[in-house]
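Residues are numbered in my numbering as their position in the sequence shown, beginning at 1, plus a constant of 141. Ideal Cβ placement from N, Cα and C applies to all residues, glycine included. The structure displayed is predicted, hence computed values, not measured ones. A short write-up of the structure that comes next.
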Amino acid sequence: MSAVTKGFFDRMNEDGTLTSILGTYGGNPSIFTKRPLPPGFDIETHGPYVLTTGEAVQDPGPADVKNSKGREIVRDILCFSKLSDSATVVEEVAEQV
C-alpha cells in the first residue's frame, strides 16, 4: 500500500463516526483500497462500504505561491450501500468521508 493510500485508509479507519455507519468485513470496518473486493464480501451481508482506489493526482494547491510550496492530492472515494436502503444511508457515509 502506497503512503498516499495508507493515509486515506488510516484517516477513514480512525474516524469513529464513519466506522460506526459502515458495515464490517473480517471484523474490520468495510473500507477497501483495491479491486476486486475481497472474496466473500457481499453488500447485503456486510453493509455499506467505502472504496478508494486508483492513482492519486497531485495538483498545485492554493498554498502553492511564490514564497511557499503547496499541493492538493485528489483521489476518488466511492461510497456504496444496498439498493434497498434509503438514499440517506449512502449520503450519510459520503458526508462523513
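Item	Value
Measuring CA to CA, which of V191, T186, N169, N208 is closest to P258?	Examination of residue 258 is not possible in this model, given that the chain is present from 142 through 238 alone.
Would you call the segment 153-170 and the segment 227-236 touching, i.e. three or more CB-CB distances under 8 Å?	yes
For the beta strand (DSSP E) containing R212, list its first residue and its last residue.	212-215
Identify, in the order they occur along the chain, each residue of the same chain with its Cβ nearer than 6 Å to the Cβ of V215, setting aside the five sequence neighbours on each side.	V198
I want to know whether the segment 146-154 touches the segment 223-230 - three or more CB-CB distances under 8 Å.	no
Please go through the same chain and pick out, in chain order, the residues whose beta-carbon is closer than 6 Å to the beta-carbon of F182, but skip the five residues on each side of it.	Y166
When you compare only the Cα positions, how much space is there between N154 and K207?	36 Å
Rounding to the nearest angstrom, what Cα-Cα distance links N169 and H187 in this structure?	10 Å
Buried or exposed: which applies to T158, given that a residue is buried once 16 or more other Cβ atoms fall within 10 Å of its Cβ?	exposed
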